[in-house]
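Student: Chains as they are written, first to last, in numbering that gives the first Met the number 0: chain L, 0 to 339; chain A, 0 to 508; chain W, 0 to 355.
Virtual Cβ for every residue (Gly too), placed ideally from N, Cα, C.
Shown below is the structure under consideration.
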Amino acid sequence: MFKRILKSNEFLILIIIIALSLVVGSINPNFFTIASLFDLIRASNVYIILAFALLPVVILGGVDISFVAIAAVSSYGTHMFLIGRGYEGGLLLYFIIGCTIGALAGLLNGLIITKFKLEVFDVSLATQTMWYGFTLFFIGATSNFDMPEGVVGYYSAFIAKVTDENLGVTGLHVSTIYVIVIGIFLWWFLKYTMIGRGIYAIGGNRDVAERTGFRINKITMIVFLIMGLLSGFAGVVQSALSRNFNPTLFIGQNLDVLASVILGGAAIKGGKGTVIGTVLGVILTQIIRRALVLTQIPAEWQKFVVGVILIVFTAIPAIRELRRKKLGRTTNLVEATEEA
Amino acid sequence: MEEELLRVEGILKRFGGVTALDDVSFSIGKGESVTLVGENGSGKSTMIKIISGIYTPDQGEIIINGKHFSKMTPIQSIQEGVQVIYQDFSLFPNLTVAENIALNDLIISGAKTVNWREVRDFAREGLDKINVDIPLNVNVGELSTADRQLIAVSKAILAEAKLIIMDEPTTALTRNEVKALFKVIKDLNSQGISTIFVSHKLSEVREIGERTIILRNGKKITDQDAKELDIATIEYQMTGRHIDTSSIKYSKPKEEVLFKVENLNLSHGFFDVSFELHRNEVLGITGLLGSGRTELALSLFGQKPAESGTIILENKEIKINSIFDATSNRIGFVPEDRIKEGLFLPQTITNNIAAKIIDTLRNKLGLLDQKKKVRLGDEWIDRLDIKTPNGQLPASSLSGGNQQRLVLAKWLAFDPKILILNGPTVGVDVGSKAAIHELIRQLAADGMGIILMSDDIPELMHTCNRILLMRRGRIVNEFLRESTDEEDLNKELIADDDNGTSKRQVEHV
Amino acid sequence: MKKFFRKILKPFRALSIDRHTVLLLLIFVIVMVFFTAVNKDKGFLSIRSVTSMGVQLSEIGILAIAMMVTVLIGGINLSINATANLGVVLAGFFLFKVFPPEATSGTAIFTQISMPDQYSPWVLVVALLIPIMVGVISGMLNGYLVGYIGVPPILATLATLSVFTGISAGLTKGRTITGFPQEYTYVANESLLGIPMPFLIFVVLTIVTYIILNHTTLGFKMRMVGTNETASEFSGINNKTVIMKTYILSGMLSAIAGIIIMSRTMSAAYEYGSTTYVLLTILIGVLAGVHHGFGNVVNIFIAMLILQGLSTGFQMLLQTVRGSTFFKDFSWGVLLIIIFVINYFVRKKRTFVKQD
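Here is the structure:
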């Protein structure tokens, strides 16, 4: 059991995160302050929720790029609708409407994919283009900074506050609770429900999953429902945090989120991926950014470092596979008799 | 007869223009053991898929436990107690042993959530029932095929199946494991569980089945007590012909050694393999799945290069460390799995034929000579009698036999000195099969050296001059076609092969 | 009816025009007729409108071809835009190093190239060779990761996308480089016989790619590798070199697109077009029916014309409406879904013969 943990991908990322933190911390002790930690968490939260949205799709064996557009249409659409009606209440209604729009948009992806037997990537390409276009044309093309009274204070809704000489007043943002709640739910869903296991089964071997009696279309629809719902949620959180509802929210960031999910140990071909790994994957990319800043390296190099780590992370399993093939371990009988 | 469990009535199934099953009916009693026999393409697999609800028959119905179904879903089939163990074992490589064993039960019970402790207990119970010990927390992808098979069996037993269908379950097992499996099957039968055992190994058909059903070209040919059938009869009814080799004109090998390998080794593949191939000879290499014949073929073609040993072509030592090495020595290879390894299905027939020799189809400017390519395609379509309206249609439009000719055409266009054929007529209809055999003999007579890997005994008898038998990675016997007959060969092929074990293992260590 | 179509198609076989081309042409005609009718008095098909379309099309068109060749061999290249930007950023970096700014030279930030009054024309040539080299190296890196190590293309090129963008961003500190020599504007602004230069370059590259894909053995092998990698290996095709060459071609095409963008904007930025270009090129490819083993540049060309037609057409039609430029994205997405659905029913009609 212990051995398995040591061999796991999550453990490897954790080691990298710890090593990186130690190096950065020794160069710049500011990294180890509570305020810095809270700030890191706050910056990671939204991307963790987005990564959660994408994770089940990746486990299922697909790559979706439309979740960012779904986040944009849900949050911006909700906001323009409510603001137009003079809404002054809190975020709860935003979440309800935003998640509903997101869920419906996600279901549309799922419907097209299952009904017309198409690749997830191709369909999401079409819907991402469509949703951004829809938002910009039908809803509005400019950022909106009007905040209902109940939303204004959200960016500083801290569970615990700290005052830091460098970062000023900051704290553990309330969105951390969402991440924990969603994370636990998703973990439970993936590990303890039959639908969750079905997602892994389909990602592992689609034909066998069908033969075993998993209802592939239904499971696919649920996966995209979750994707849309969480994307809508992440969109609202991000917009409220930045006090700016933006029709092109997250545009161009879909591949960054995908990179975090992959760094977190999910397999692009499906069947593999965990909630913990995904959280660590996002945190790793955020830490790299901070690490560069704190060690006086311009933050612009972040992408470079993430790219190099990504190359290493994707090349290692590929090289391992290459070796295995070269060894030619295909003769089952010989293997079987070795054990006998 | 015992109480009836399952009856299929007038099943008809078509795929496009091909009739896979034509008005097939039979029934199976409770606790009965039936073997379903037929050549590749006879409709066996389609029949299984219909009983398990994966295919819907175009006509006919399935009566199981007294319930009538004209359409049956996989879940309904499972709910009625049908369990199929496929050749791929239907396992998920990315899930643990425990989960793989328990998943079926969870689905049937309609569980919404998973209790992992119960899953493990359940899985352990299943493995205990067949008396094996496999770690429960390991992913199935990391296990050997034998272990996977055991998991598949325990899975089916745990599913409280009323009918277990096994699709060629013995191919990857040792004789002892087969014996153990047969014992398990007989136990099951005595508990009132019926079994359908799909096989084309004739000795097993007689050993395990109480009743034998033979399919041929989608039709039911025989349905009778296994004891009343002898191997020759089964064979005749499977193939629809008596094998008579007296009228065949075989190629006559010369003294000259064309190709020679000495002490070839590949760990996990084969050991100390040596043989000679004469000019104009068709050399058969046979052995069960896992005997190392496929690995040997792949090695000779450079896909899995041998680790030691020498290879001599026309008295010159050559090195084969890559496919490029093999083809530059004019060695060709027709792979076993023509869909995955041989064909570019959606590409045109002409492109498929040109794939190997495309570099020779250039004009003076170094550009691809389209006309030459089309001419080449038409020439080979004509020469191998590939049945198609024109060469611009995709390879997927061809029937199995014609697809196989297409793979052959690709290599013949290359004009190899040595052609290695691995299972050249798997899934090919009888007519095409004979034509391909004729072609193989002809090619040898024209001077090509041919190495034919196959476990299809009649095929070997129809084409080869000499046949080598491989077992556990070694060549253990050699037969001259003239001085052997099919039954001997068959017996040797499936013979008790435990004798060789100790010897090999010692050397392997 | 079927025979009739086959007869019409026959002479075009040599151009490798297929069923999908017919569908695209049909859509193109519908789009053109519709917008010419509804935009009668706005000059939808005026010369000026068409030439301006031509300029806009070129850089995306070249990138679309760069994307297409990799999709054709069963891969994808997410790094095309990053390669294009890195190329011209490094070209700018080179010019910056050759002609260091005089004032406050010690702390000068690398954003503004200050060209002296006199300089050797060779400097300009070398500066343009740099992007091409970057394209080749980018292709080699992608080709190595995909072909030799076996990293899934989407991950390999996602990683290199990140690396290339990171280098550009790091070198420029996230700023835009300006001050490229005036001579470079010719590439974007000159025209030959009334045809804008970028469009001419696009057409030439389209023809070159067409010849590579349809009339060379490399193109043939690319199709085979894209159709079935295992079968092509077993047919003695060296998959690794085919994959390597394809990604190098893709990288070089990307770099050329980068040069055109630089000469049009007279600047280089690490993130130019990063949010839209890559996905737009995939969109064009999917619309053009490019998939593993199949696809031709003629379809890419028509697909681009359709997208551009929709874009310009709706913009004219909705001139008075707020945010009219954005309706195109919506229409593109919807069009793509419509094409998916049409193809689904076409596929369904053509039932394949299944073997037992």
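1) Is there a C-beta anywhere in chain L that falls below 8 Å from the one on A110(A)?
2) Check the DSSP bridge columns for I417(A) and list the partner residues they point to.
3) Quick check on M469(A): does DSSP put it in helix, strand or coil?
4) Determine the burial state of A159(L): buried for a count of at least 16 other Cβ atoms within 10 Å of its Cβ, exposed for fewer.
5) Just checking: is the beta-carbon of Y343(W) within a distance shorter than 8 Å of some beta-carbon in chain L?
6) Considering only the alpha carbon of each residue, which of I59(W), K39(W), F95(W), S231(W) lies closest to V122(W)?
7) Which residues of chain L have a Cβ atom closer than 7 Å to the Cβ of I153(W), listed in chain order?
8) Within its chain, find whatever has a CB closer than 8 Å to the CB of A335(L); leave out the 5 residues flanking it on each side and keep chain order.
9) Leaving out five residues on either side along the sequence, give the residues of the same chain with a beta carbon under 7 Å from the beta carbon of G195(L).
10) So which residues on chain A does H214(W) lean against when the C-beta distance must stay under 8 Å?
11) Please identify the residue among V425(A), K259(A), S266(A), G448(A) whose C-alpha is closest to the C-alpha of E530(A).
12) Once you ignore the five residues that flank L90(A) on each side, which residues in its own chain have a CB closer than 7 Å to its CB?
13) For S273(W), return the contacting residues in chain L, with the cut-off set at a CB-CB distance below 9 Å.
14) What are the boundary residues of the beta strand (DSSP E) that includes N262(A)?
15) Under 8 Å Cβ-Cβ, which residues of chain W neighbour I127(L)?
16) Check the Cβ-Cβ distances between F144(L) and every residue of chain W, and say whether any is below 8 Å.
17) Within a Cβ cutoff of 7 Å, which residues of the same chain sit near G178(W), ignoring the five residues on either side of it in sequence?
18) For a contact meaning CB atoms closer than 9 Å, what does R196(L) contact in chain A?
19) For I164(A), which residues in the same chain have their Cβ closer than 6 Å to its Cβ, ignoring the five residues on either side in sequence?
20) What does I27(A) touch in chain L if you count any residue whose Cβ is under 8 Å from its own?
21) Contact between the region 327 to 337 of chain W and the region 119 to 126 of chain L is defined here as three or more beta-carbon pairs at a separation below 8 Å; is this criterion met?
22) Do the region 83 to 99 of chain W and the region 253 to 267 of chain W meet, that is, are 3 or more Cβ pairs less than 8 Å apart?
23) Relative to chain W, which residues along the region 98 to 116 of chain L have a C-beta separation below 9 Å, given in chain order?
24) Can you tell me which of V224(W), L316(W), L317(W) puts its alpha carbon nearest to the alpha carbon of A588(A)?
25) Under the three-state reduction of DSSP, which class applies to L191(W): helix, strand or coil?
26) If contact means a Cβ-Cβ distance below 8 Å, which residues of the region 326 to 356 of chain A contact chain W?
27) Leaving out five residues before and five after G499(A) in sequence, what residues of the same chain have Cβ atoms less than 6 Å from its Cβ?
28) Assign G109(A) to one of three DSSP states: helix, strand, or coil.
29) Would the region 434 to 448 of chain A count as touching the region 338 to 357 of chain A if we require 3 or more Cβ pairs under 8 Å?
30) Let me know the alpha helix (DSSP H) ranges lying completely inside the region 32 to 99 of chain W, each 4 residues or longer, listed in chain order.
31) What are the residues in the region 235 to 259 of chain W lying within 9 Å of chain A by C-beta distance?
32) Residues of the region 256 to 287 of chain L with a CB closer than 7 Å to any CB of chain B: list them in chain order, please.
33) Could you tell me which chain W residues have their CB closer than 8 Å to the CB of G132(L), listed as they occur along the chain?
34) Check the Cβ of I518(A) against every Cβ in chain L and list those closer than 9 Å, keeping chain order.
35) Give the interface partners of A317(L) over in chain A, defined as CB-CB distance under 9 Å, in chain order.
36) Is L171(L) closer than 8 Å to F349(L) when the C-beta atoms are compared?
Tutor: Working from what's here:
1) By 1-based counting over the second sequence, the position of residue 110(A) is 111. For A110(A), the answer is yes, since a Cβ of chain L falls inside 8 Å of its Cβ.
2) Along the second sequence, one-based indexing puts residue 417(A) at 418. DSSP output for I417(A) lists I330(A), G448(A) as bridge partner(s).
3) On the second sequence, position 470 is the one that residue 469(A) refers to. Here M469(A) sits in strand by DSSP.
4) Counting from one through the first sequence, the residue named residue 159(L) turns up at place 160. The residue is exposed, with fewer than 16 neighbouring Cβ atoms inside 10 Å.
5) Residue 343(W) sits at position 344 when you count from the first residue of the third sequence. Residue-level contact check: Y343(W) touches chain L, since one or more beta carbons of chain L fall below 8 Å from its beta carbon.
6) On the third sequence, residue 122(W) is found 123 positions in, with the first residue counted as 1. Between V122(W) and the set I59(W), K39(W), F95(W), S231(W), the nearest pair of CA atoms involves F95(W).
7) Within the third sequence, the letter at position 154 stands for residue 153(W). Those are V62, I267, listed as they occur along chain L.
8) Looking up residue 335(L) in the first sequence gives position 336. At A335(L), the pLDDT of 34 sits below 50, so the modelled position is not reliable; the number obtained from the coordinates is stated separately. Within the same chain, and ignoring the five residues on either side of A335(L) in sequence, no residue has its Cβ closer than 8 Å to its Cβ.
9) For this step, residue 195(L) is matched to residue 196 along the first sequence. Non-local beta-carbon contacts of G195(L) in its own chain, meaning distances under 7 Å to residues more than five positions away in sequence, involve F188, L189 in chain order.
10) Along the third sequence, read from residue 1 onward, the residue named residue 214(W) stands at position 215. The answer, in chain order, is L366, L367, Q369.
11) Outside the shown range of chain A, which is 0 to 508, sits residue 530(A), and nothing can be said about it.
12) Taking the second sequence and counting its residues from 1, the one referred to as residue 90(A) is at position 91. Correct list, in chain order: N99, V139, R147, I150, A151.
13) Here residue 273(W) refers to the residue found at position 274 when the third sequence is read from its first residue. Going along chain L in sequence order, the residues near S273(W) (Cβ under 9 Å) are G251.
14) Along the second sequence, one-based indexing puts residue 262(A) at 263. 256 to 265 is the span of the beta strand (DSSP E), which, as asked, contains N262(A).
15) For the purposes of this step, residue 127(L) is taken as residue 128 along the first sequence, with counting starting at 1. Sequence inspection shows Gln at residue 127(L); the Ile mentioned does not correspond to that position. Chain-ordered, the chain W residues with CB closer than 8 Å to the CB of Q127(L) read L278, G332.
16) For the purposes of this step, residue 144(L) is identified with residue 145 of the first sequence, where counting begins at 1. F144(L) does not count as touching chain W.
17) In the third sequence, the residue the question calls residue 178(W) occupies position 179. Closer than 7 Å at the Cβ level, and outside the excluded window around G178(W), lie Q111, I112, S113, M114.
18) For the purposes of this step, residue 196(L) is taken as residue 197 along the first sequence, with counting starting at 1. Within chain A, the residues whose beta carbon sits less than 9 Å from that of R196(L) are L94, E98, L102, L105, V113, listed in sequence order.
19) Translated into the one-based positions of the second sequence, residue 164(A) becomes position 165. Here the set comprises I47, V83, I195.
20) Counting from 1 along the second sequence, the entry for residue 27(A) is found at position 28. Counting only Cβ-Cβ distances below 8 Å, I27(A) has no contacts in chain L at all, with the closest Cβ about 21 Å away.
21) As far as the Cβ criterion goes, the region 327 to 337 of chain W touches the region 119 to 126 of chain L, which means the pair count is three or higher.
22) Between the region 83 to 99 of chain W and the region 253 to 267 of chain W there are three or more inter-stretch CB-CB distances shorter than 8 Å, so the stretches are counted as touching.
23) Answer set for the region 98 to 116 of chain L: I111, K114, F115, K116.
24) In the structure as shown, chain A starts at 0 and stops at 508, and residue 588(A) therefore has no counterpart that could be examined.
25) The residue given as residue 191(W) occupies position 192 in the third sequence. Looking at L191(W) - three-state DSSP - the assignment turns out to be strand.
26) Within the region 326 to 356 of chain A, the residues whose Cβ lies closer than 8 Å to some Cβ of chain W are T326, F332, P334, K339, E340, G341, L342, F343, L344, P345, Q346, N350, A353, A354, K355, listed in chain order.
27) Along the second sequence, one-based indexing puts residue 499(A) at 500. For G499(A), the predicted model reports a pLDDT of 40, less than 50, meaning its position is unreliable; a value from the coordinates is still stated below. Counting only residues of its own chain and dropping the five nearest sequence neighbours on each side, G499(A) has a CB closer than 6 Å to the CB of R470, R471.
28) Position 110 of the second sequence holds residue 109(A). Three-state DSSP puts G109(A) in coil, outside helix and strand.
29) No, the region 434 to 448 of chain A is not in contact with the region 338 to 357 of chain A.
30) Correct list: 46 to 71, 79 to 97.
31) Per Cβ criterion, the list reads G235, I236, N237.
32) Chain labels in this structure do not include chain B; the protein chains are L, A and W.
33) Residue 132(L) sits at position 133 when you count from the first residue of the first sequence. Within 8 Å Cβ-Cβ: F325, F326, K327, D328, F329, S330, W331, G332.
34) There is no way to answer for residue 518(A), as the model of chain A reaches only from 0 to 508.
35) For the purposes of this step, residue 317(L) is identified with residue 318 of the first sequence, where counting begins at 1. For A317(L), no chain A residue has a Cβ inside 9 Å of its Cβ, as the nearest lies near 16 Å away.
36) The structure shown has nothing for residue 349(L), since chain L only spans 0 to 339.
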